[in-house]
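**Q**
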Amino acid sequence: MDYKKAFEKYVDYQQDLHTKNQKRIRVGLKVNILLPLVFLLLCFLTQGSKLVFLLLWIGSLFGISAYLMYVEFTDYKLQEQLKDFFDNDTLENDNLIGESVDRAEAIVTNKIDKIDEILEEKKEEKKQKIEDTKQKVIEKLSSRKEDDEDA
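The letter at position 80 of the sequence shown is residue 75 when you use our numbering, and the numbering goes up by one with no holes.
1) Excluding the five sequence neighbours on either side, which residues of its own chain have a C-beta within less than 6 Å of the C-beta of Tyr65, listed in chain order?
2) Quick one: what does DSSP say Gln130 is sitting in, helix, strand or coil?
3) Assuming His13 and Asp70 are in contact, meaning their beta carbons sit under 8 Å apart, how far apart are those beta carbons, in whole angstroms?
4) Going by beta carbon distance, what residues of the same chain come within less than 6 Å of Asp84, once the five residues before and after it are set aside?
5) According to DSSP, simplified to helix, strand and coil, what is Gln17?
6) Between the beta-carbon of Gln76 and the beta-carbon of Gln9, is there less than 8 Å?
7) Pull up the CB-CB distance for Phe39 and Leu51, whole angstroms please, since I reckon it's below 8 Å.
8) I need the DSSP call for Gln10, collapsed to helix, strand or coil.
9) DSSP on Thr41, reduced to helix/strand/coil?
10) Can you list, in chain order, the residues of its chain with a C-beta nearer than 7 Å to that of Leu73? Leave out the 5 residues immediately preceding and following it.
11) Might you give, ordered along the chain, the residues of its own chain that have their beta carbon closer than 8 Å to the beta carbon of Phe2, omitting 5 neighbours on each side?
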């Protein structure tokens, strides 16, 4: 038995599934846009109950969202299996949806860190200002006390 050929077939099968999952995601997103438009058109073209179309629309959105989450989760598990066969450095986890989310998270984290730095600087400035004001008040009180004692 040639294990290398079997392994290559398995990897090819996994990569084909990944490609199919990418297509499924694209189709799911298109359906997520088109199906509500169809329900909207039917709602206005027919004299049926608007509540029925609203419920159908909401139900379809939940169904499509569940389908998209299922496809993404199965693809994630598939990528994890492939990662187990290779070194972690040789195969990068190729998410279908989350790449822009990861970039956005990094950007937001950087912005939050900058805001924290600015707030710390402002906090230190305010503390210094309070200390200066406190010293001035103490000096004025001590000078008044001296003036009262002199008088």
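Note that CB positions come from ideal geometry on N, CA and C, so glycine has one too.
Note that the coordinates shown come from a computational prediction; the quantities given were computed from them, not determined experimentally.
**A** Let's see:
1) Cβ within range, chain order: n/a, list empty.
2) When DSSP states are grouped into helix, strand and coil, Gln130 belongs to the helix group.
3) Asp70 and His13 do touch by the CB rule: their CB atoms are close to 6 Å apart, below 8 Å.
4) Because Asp84 carries a pLDDT of 47, less than 50, the predicted location of this residue cannot be relied on, and the following value inherits that uncertainty. If the five residues before and after Asp84 are omitted, its C-beta is found closer than 6 Å to no C-beta atom of its own chain.
5) Of the three classes helix, strand and coil, the one that applies to Gln17 here is helix, per DSSP.
6) Cβ atoms of Gln76 and Gln9: closer than 8 Å.
7) The beta-carbon distance between Phe39 and Leu51, rounded to whole angstroms, is 14 Å. This is too long to meet the 8 Å contact definition.
8) It is helical.
9) Coil, per DSSP.
10) Cβ within range, chain order: Gln9, Leu12 and His13.
11) In chain order, Phe80 place their CB closer than 8 Å to the CB of Phe2, counting only its own chain and leaving out the 5 sequence neighbours on each side.
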